Amino acid sequence: MKRFIVAFIAAYIFIFFWGWLLNGVLLKDIYAQTPNLWRSQSEMMSLFHWIIIGQALVVFAFVMIYASGFAGGGVIAGIRLGILLEIAAIGMRMAIYAVQPFPGKLIVYGSISGLIEMLIVGAIVGAIYKPASQTTT
Amino acid sequence: MNWKKFFFAFIAAFGFMFLFGFLWYGKLMHGPHQEVPILWRTEADFGNHFSSLVFGHVVMAFFLTLLCARFAPGGGAGPCAILGVLVALIYAGADLITFAVQPLTTKILCGWIAGHLIQFTIAGAIIGAVYKSDSRMTPQV
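Heads up: the protein sequence lines correspond to chains A and G, in order. Under my numbering, think of the first position of the first sequence as 72, with each following residue one higher. Under my numbering, think of the first position of the second sequence as 135, with each following residue one higher.
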């Protein structure tokens with residue numbers, strides 16, 4: 072349980088800063104090309120707690136999946152899980168692209184960065200979380 | 135891995151996910167979606183991007199099947215349905231983030247979260263039921 076919590080916190084901190092760097096800084100200009108698809112800056116700030124809860128839910132579910140079916144494989148197992156989950160998410164992104172007029176560039180950059188993000192999250196979780204039988208007291 | 139069973143599980147999952155998506159997001163949620171028409175492509179534009187919708191569902195179904203086969207190598211509707219719930223929670227988290235940055239209504243947010251939970255839980259159960267093999271193996275990643 073202790074390692075579960077530590078893995079969750081470490082992965083959450085990474086995902087929070089990665090999300091800020093990517094969406095708040097690197098992709099800012101691409102988002103600006105479709106202003107009608109996004110909330111205003113002030114509106115986003117008033118709903119910021121949903122970003123925090125959403126990211127926490129993503130990380131919690133990731134660690135739960137790893138702990139329930141993939142634990143014991145270490146960093147490599149975590150990375151593989153991250154890749155599998157992110158490629159499925161790319162499928163979802165493509166389905167959303169069919170119905171929302173996002174710039175294609177945003178889907179491509181979002182998918183590449185998502186893959187990097189989940190790969191690193193997987194490595195963090197795989198490195199920290201160990202099943203009870205592998206932990207020493 | 136039993137590739138024959140994997141293939142049938144993938145086809146069944148794709149069929150269900152695509153049909154469910156059409157009914158839930160396309161029909162049932164059509165009204166709530168129309169409250170924010172600026173967010174969606176026009177009918178004609180959607181038609182031009184329909185291949186993305188189909189291919190996206192193929193990718194989702196394939197990798198969910200692969201995940202189930204790794205998560206529960208022996209298959210079974212129960213364990214794979216649980217995996218489906220956990221995967222749905224990842225998408226629910228993404229829905230919450232989308233709600234914070236896009237002008238979605240709370241009705242759309244709730245509909246998307248409920249849709250993902252139902253869709254991935256049932257898809258997981260279908261995959262587990264079809265993929266179920268007689269021999270139980272240890273998880274491999």
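Backbone N, C-alpha and C fix where the C-beta goes; we use that ideal spot for every residue, glycine too. Because the structure is a prediction, the values reported are computed rather than measured.
Using a Cβ-Cβ cut-off of 8 Å, state whether MET72 of chain A counts as contacting chain G. no
If contacts are defined as beta-carbon pairs under 8 Å, then HIS250 of chain G and ALA222 of chain G qualify, I think. What distance do you get, rounded to the angstrom? 5 Å
How is the alpha helix (DSSP H) around ARG110 of chain A delimited, first residue to last? No residue range can be given for ARG110 of chain A, since it is assigned to no alpha helix (DSSP H) and is classified by DSSP as neither H nor E.
With DSSP collapsed to three states, give me the class of LYS164 of chain A. Sequence inspection shows Arg at residue 164 of chain A; the Lys mentioned does not correspond to that position. Helix, per DSSP.
Buried or exposed: which applies to ASP229 of chain G, given that a residue is buried once 16 or more other Cβ atoms fall within 10 Å of its Cβ? buried
What I want to know is whether the C-beta of ILE231 of chain G ends up closer than 7 Å to one or more non-hydrogen atoms of the ligand ADP. Inclusion of the ligand ADP in the displayed structure is not the case, the ligand content being empty and no account of it being possible.
Within chain G, partners of PRO174 of chain A - CB distance below 8 Å: In chain order: nothing, as chain G lies at least about 13 Å away.
Alpha carbon to alpha carbon, how far is PRO171 of chain G from LEU108 of chain A? Cα-Cα distance, rounded: 10 Å.
CB contact check: ALA138 of chain A to chain G, cutoff 8 Å: no
Looking at C-beta atoms only, is the number of pairs between the region 212 to 222 of chain G and the region 167 to 183 of chain G that lie closer than 8 Å three or more? no
Neighbour list for ILE158 of chain A in chain G, Cβ cutoff strictly below 8 Å: VAL193, PHE197
Answer yes if the region 117 to 134 of chain A comes into contact with the region 141 to 153 of chain G, meaning at least three C-beta pairs across the two stretches below 8 Å, and no otherwise. no
Whole angstroms are fine: how far does the CA of ILE199 of chain A sit from the CA of SER100 of chain A? Residue identity check: residue 100 of chain A is Asp in the sequence provided, not Ser. Approximately 36 Å between the Cα atoms of the pair.
By the DSSP assignment, the alpha helix (DSSP H) with GLN236 of chain G in it spans what residues? Run containing GLN236 of chain G: none; DSSP gives neither H nor E here.
Can you look up GLN171 of chain A in the DSSP assignment and give me helix, strand or coil? GLN171 of chain A falls in the coil class under three-state DSSP.
Helix, strand or coil for PRO207 of chain G? Go by DSSP, reduced to three states. coil
For VAL235 of chain G, go through chain A and note every residue whose CB falls closer than 7 Å to its CB, in chain order. TRP109, ARG110, MET115
Taking 8 Å as the threshold (beta carbon to beta carbon), is ALA132 of chain A in contact with chain G? yes
C-alpha gap between LYS176 of chain A and ILE167 of chain A, whole angstroms: 14 Å
Nearest-angstrom beta carbon gap, ALA142 of chain A and LYS73 of chain A [assumed within contact, 8 Å]: Actually they are not in contact, since the Cβ atoms of LYS73 of chain A and ALA142 of chain A sit about 14 Å apart, beyond 8 Å.
Proximity to THR239 of chain G [Cα-Cα], best of G:LEU187, G:MET194, G:GLN168, G:ALA226: Among G:LEU187, G:MET194, G:GLN168, G:ALA226, the Cα nearest to that of THR239 of chain G belongs to G:GLN168.
Measuring alpha carbon to alpha carbon, tell me which residue in G:ALA203, G:TYR225, G:PRO237, G:THR232 is nearest ILE252 of chain G. G:TYR225
Positions along the region 174 to 195 of chain A whose CB lies within less than 8 Å of some CB in chain G: none
Three-state class that DSSP yields for GLU157 of chain A in the structure shown: It is helical.
Sufficient close CB pairs (3 or more, under 8 Å) joining the region 195 to 208 of chain G to the region 145 to 160 of chain G: yes
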